[in-house]
Structure formats: structure tokens, C-alpha cells
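In what follows, a single structure is set out as C-alpha cells and then discussed.
Residue numbers (the UniProt record's numbering): 1 to 303.
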């Protein structure tokens, strides 16, 4: 039995090679602490207005000019009792119901019309599709104030002023170009092989859309629903133009009733209504935030 002898010089060279240096764990710990402190400070800065709004709901109206800080000197729940009773003979729940009705109808109209328009732009080839799509994207450059006057004249001639139709009807006509563009990008990421397979099986555009495309663009629909709900819920200018009856006011307009330019405003009731109006948006976002993250991630993975 023979043995293999390794030259001593080679062993010395191997043993003399420097070992790779390991990163000091102390430096990594310091970096982690710095990031933690920075992110914590940033979180507190972002959440401070929300904390201030919540705690200010327990301040009496006369304390706002004396104590602009975070903690109330004389906590009270009178602000909530006052706003729950309503104002001008209209209870608070009516304003909530009005806002909820407008927001839900706007979301339904936006999702339905935007999805159908996006499918047409992404999958149906017809003459002038590129020109129409470019024109639609161009409407994003137009501010809402540009079309206020002609739109108001049109709805006034249709005798729809002082109703919710001017706030809801445009949503069913795919007027939200941003959501159409968002859904178009999702549909374009879906392989056309699925459409061709459905076409071989005898499916038309309607069946292809509802059976194949619609389930696959769920993240885009949820993302559009979240933004549409938030924008409609916080809309002030639209209801201010078209809604005149106090009992039909949504929350943003009802909030104005607690502020009077000719006398002292009720700041306690104002912050209480503001906080209560914020709760549905927070709940809606928390419930559907997973779908929003999925939608953003899907768009980020587009290749």
C-alpha cells in the first residue's frame, strides 16, 4: 500500500493563506440600532397628527387657543355627545349614510366601467385604439376645475342638480382615466395564450372577460376600489357644487357646518367629526391593504 506525500512547501503555502475576515457583529448591531431609531422617529412624525387629532377630541372648545399641545388639560367627552346629536336638525348618522352611499356607488361604477374599458383597450383591436388610448391618457393632464362649468351646465339642464347623480353617473362612464390605465397594464401582463385557448373553446369577448381576465386582475380592481373610495369619501368640491339640501350633505360638507366665519367656531365638535370621518377610511384601508400591496408588487414585477 503506497502513500502520497505532499511537499512540505505546498503545505506551508496553504497554511500561510490568510483566512477571510468576518464582518464584525458589533458594526452590524450599530447599523441596526441606527436604522431602528431613524424609522421610529419617522413613524412618530407621520403619526403625530393622528395622535393629536384623537386626543384633541377630548378637549373643550375653549381650550384649543390655550393648549395647542398633545395632552388635554380637562378631558371631556362632550364633543362626541354634541356631534352624535347632529346639527341643524340632521343626525350625524345621516351624514355618514350619505357619504357611504356616494362612495359605494362610485366604487361600483368605477370598477365596472374602468375594467370594461381597460379590456377593450388591451385586448380588442379596432381602428383608432391607440389614438383613443392616448386621448384618454391626455385627460389626466386636465385639472377637474377645467370641466366644472360645462359639467354643471349639463347637469343643470338635465335637472340633476341637488341630487347624487352628478357625483355618481360619471363614474359609470369610465371617466377615471387613471384607473383605466392601471387596469390596462395588468391585462397586458396576462398572456394572450389564455384568450386564444378560450376562443378555440368557443368563448366570445364577454365570456373571456368574465371567466378569465376578471379573476386575474383582482389586485388591480382592489387597488382601484381603495383609491376610489378614499377620493370619493374625502371629496368636498363635488358635493359643494351639486348638493344643496342639508339633509343630503355628505360628511365633508357637514363638517363645514361646525365652522362659522361670522362667529366662534366649535373646534371641539370639528375635531370630533374629523376623527369619526377618518375611521371608515382607516378600516377600509386596513382590511384591503394586502390586496393593495399585491397590486403594487405585481406592477413592480412587470418585465
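The beta carbon of each residue, even a glycine, is placed where N, CA and C say it ideally should be.
Can you tell me which of the three DSSP states residue i falls into?
i	result
residue 57	coil
residue 153	helix
residue 148	helix
residue 87	strand
residue 189	coil
residue 238	helix
residue 46	helix
residue 29	helix
residue 175	coil
residue 64	coil
residue 51	helix
residue 160	coil
residue 195	helix
residue 214	helix
residue 36	helix
residue 142	coil
residue 126	coil
At which residues does the alpha helix (DSSP H) containing residue i begin and terminate?
i	result
residue 95	92-123
residue 221	218-233
residue 78	78-84
residue 134	129-138
residue 243	Segment: none, residue 243 is in no alpha helix (DSSP H) and carries neither H nor E.
residue 75	Premise fails: residue 75 is in no alpha helix (DSSP H) and is neither H nor E.
residue 208	205-208
residue 168	165-168
Quick one: residues in its chain with C-beta nearer than 6 Å to the C-beta of residue i, no 5 flanking neighbours on either side, listed in chain order?
i	result
residue 267	61, 64
residue 239	250, 253
residue 87	257
residue 208	195, 198
residue 186	217, 220
residue 6	Confidence in residue 6 is poor, its pLDDT being 49 and thus under 50, which makes the residue's placement unreliable; the coordinate value appears in the next sentence. Once the five neighbours on either side are set aside, residue 6 has no close Cβ partner at all.
residue 80	272
Who are the near neighbours of residue i in its chain, counting only those whose CB is closer than 7 Å to its CB and skipping five residues on each side?
i	result
residue 215	none
residue 229	103, 107, 284
residue 73	63, 67
residue 166	155, 160, 242
residue 123	187, 195
residue 70	51, 52, 55
residue 76	58, 60
Would you say the beta carbon of residue i comes nearer than 8 Å to a heavy atom of the ligand FMN?
i	result
residue 212	Although the ligand FMN was asked about, the structure shown includes no ligands whatsoever.
Considering only residues of the same chain and omitting the five flanking positions on each side of residue i, which have a CB-CB separation below 8 Å?
i	result
residue 211	198, 203
residue 162	242, 243, 244, 245, 248
residue 281	229, 230, 233, 234
Is it a yes or a no for the region 236-252 touching the region 187-200, going by three-plus beta-carbon pairs under 8 Å?
No, the region 236-252 does not touch the region 187-200.
For the region 272-283 and the region 48-59, state whether three or more C-beta atom pairs, one from each stretch, are separated by less than 8 Å.
Verdict: yes, contact present.
Any alpha helix (DSSP H) of 4 or more consecutive residues that is wholly inside the region 247-293
Those alpha helix (DSSP H) runs which fall completely within the region 247-293 and span 4+ residues are 251-256.
Are three or more beta carbon pairs between the region 219-228 and the region 102-121 nearer than 8 Å?
The region 102-121 and the region 219-228 touch, with three or more beta-carbon pairs separated by less than 8 Å.
If contact is defined by three or more beta carbon pairs under 8 Å, each pair taking one atom from either stretch, is the region 202-215 in contact with the region 86-104?
Cβ pair count under 8 Å is below three, so no.
Count the C-beta pairs between the region 168-186 and the region 111-130 that are closer than 8 Å, then say yes if the count reaches three, no if not.
Touching, yes.
Validate contact between the region 152-169 and the region 68-85 using beta carbons, cut 8 Å, 3 pairs:
Pairwise C-beta distances place the region 152-169 out of contact with the region 68-85, as fewer than three of them are shorter than 8 Å.
Is it the case that the region 233-247 contacts the region 42-52, given that we only count it when at least three CB pairs across the two stretches are under 8 Å?
Of all C-beta pairs linking the region 42-52 to the region 233-247, fewer than three are shorter than 8 Å, placing the two stretches out of contact.
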